[in-house]
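Student:
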Amino acid sequence: MADVPIINPNEKRINEAVCIDTKRIFDSCVSKDCAEDLRVTFYGGSQDIIDRAESIKTRDCDIVAVSIDVEDVPFNRGYYNVDINFYFRLRFDVYGGPFSNPQTVIGFTNFEKKCILFGSEGDVKVFKSTYNRCNNQLDRPESPQYSNPTAKVQAVDPVVLDTDVIDIHHCRRPLFTAFPESVRGMVDDANFRPNPRKAVLVTLGLFSIVQMERDAQLLMPAYDYCIPDRECDCNTQDPCSTFQGIDFPVDDFFPPERGDIQNNSLSDNPCR
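Sequential numbering from 1012 applies to the sequence shown in this note's numbering.
Listed below in structure tokens is the structure:
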């Protein structure tokens, strides 16, 4: 019953042109950044462990926050400076000697990048009506919203290219401490140890896409309302019967060959 479509596919034709209010992408760019020798900030007792380290290995790195600032470009109408600050959390395995068990510590670092994108012009104040059913408030004053462009950043967790622990006297990178509250809240002790003896530098590879968006009214061809084209499958079988209907995960037990991986990678990349 669930395979029977509710709407005839032959009837899906353009019926009219409708006006929608949505975000329009005016400009975008792709970035492939190699952030070299970023100094890692450690809080609390993590710095004490780093000071006793003989070697260090990065376990993983992820993006925990991003701050974005958009400003007009002087004498260049419609263009905007986009200042982006990525905040990363890294986990390290720290070894105090050749045969010692590793200790896991968490550190943070940041990377700043800039770009200029076109966002068009227009500075309109937008007001929207609201209705509070509980209090029957129909005309409550509302603060304005602005139609200025907004920057949107898409990024994947970075690739750790290099990790190095050095003596603090050989480190030329200043210690970054202006992390947002959301980042500092990830550790129990957000205090710094005075007079650290060693510093950790990492090199990260980062892929990102930056878009400049603005609210716009667009005229779009419309087929019809978005009515679901299939019925809900109300599965009333017992859990074991449902499990028996799942295919055996052969690929998980037998890893693919090198040629299979290369062929899939080529087919998944439409830009080649």
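Ideal Cβ positions, reconstructed from N, Cα and C, are used throughout, including at glycine.
Nothing here was measured: the structure is a model prediction, and the numbers come from that model.
Under 8 Å by Cβ, that's how I've got V1081 and P1160 pegged, so tell me the actual separation to the nearest angstrom.
Tutor: For the purposes of this step, residue 1081 is identified with residue 70 of the sequence shown, where counting begins at 1. For the purposes of this step, residue 1160 is identified with residue 149 of the sequence shown, where counting begins at 1. Indeed, because the Cβ distance is near 7 Å, the residues count as touching under 8 Å.
Student: Should M1231 go down as buried or exposed, given a rule of 16 or more other Cβ atoms within 10 Å for buried?
Tutor: Along the sequence shown, read from residue 1 onward, the residue named residue 1231 stands at position 220. Classification for M1231: exposed.
Student: Is the segment 1064-1077 touching the segment 1026-1039 in the sense that three or more CB pairs, one from each, lie closer than 8 Å?
Tutor: Taking 8 Å as the limit for Cβ pairs, the verdict is that the segment 1064-1077 does not touch the segment 1026-1039.
Student: Using a Cβ-Cβ cut-off of 6 Å (strictly less than) and excluding sequence neighbours within five positions of I1036, which residues of its own chain qualify?
Tutor: Against the sequence shown, residue 1036 aligns to sequence position 25. Answer for I1036: Q1222 and E1224, listed in chain order.
Student: Just the C-alpha distance for F1259 and D1175, rounded to the nearest angstrom, thanks.
Tutor: Residue numbering aside, residue 1259 sits at position 248 when the sequence shown is read from its first letter. Residue numbering aside, residue 1175 sits at position 164 when the sequence shown is read from its first letter. Between F1259 and D1175, the C-alpha separation is close to 44 Å.
Student: Judging by CA-CA distance, which residue of S1078, N1202 and I1031 is the nearest neighbour of K1125?
Tutor: In the sequence shown, counting from the first residue as 1, residue 1125 sits at position 114. Minimum Cα distance to K1125 is reached at S1078.
Student: By the DSSP assignment, the beta strand (DSSP E) with F1053 in it spans what residues?
Tutor: Counted from its first residue, the sequence shown places residue 1053 at position 42. Careful: F1053 lies outside any beta strand (DSSP E) and carries neither H nor E.
Student: Below 8 Å on the Cβ atoms is my contact criterion, and I expect L1212 with D1048 to pass it. Report the Cβ-Cβ distance as a whole number of Å.
Tutor: If you number the sequence shown from 1, residue 1212 lands on position 201. If you number the sequence shown from 1, residue 1048 lands on position 37. The pair is a contact, with the Cβ atoms about 5 Å apart (cut-off 8 Å).
Student: Going along the chain, which unbroken runs of the beta strand (DSSP E) with 3 or more residues stay wholly within the segment 1113-1137?
Tutor: Taking only runs of at least 3 residues, the beta strand (DSSP E) segments lying wholly in the segment 1113-1137 are 1114-1129.
Student: State the DSSP-derived secondary structure class of F1203, mapped to helix, strand or coil.
Tutor: As a first step, residue 1203 must be located in the sequence shown, where it is residue number 192. It is coil, neither helix nor strand.
Student: What is the DSSP secondary structure of D1062, reduced to helix, strand or coil?
Tutor: The residue labelled residue 1062 in the question sits at position 51 within the sequence shown. Correct three-state label for D1062: helix.
Student: With a 10 Å radius around its C-beta and 16 neighbouring C-beta atoms as the bar for buried, classify L1229 as buried or exposed.
Tutor: Counting from 1 along the sequence shown, the entry for residue 1229 is found at position 218. When all chains shown are included, L1229 counts as exposed.
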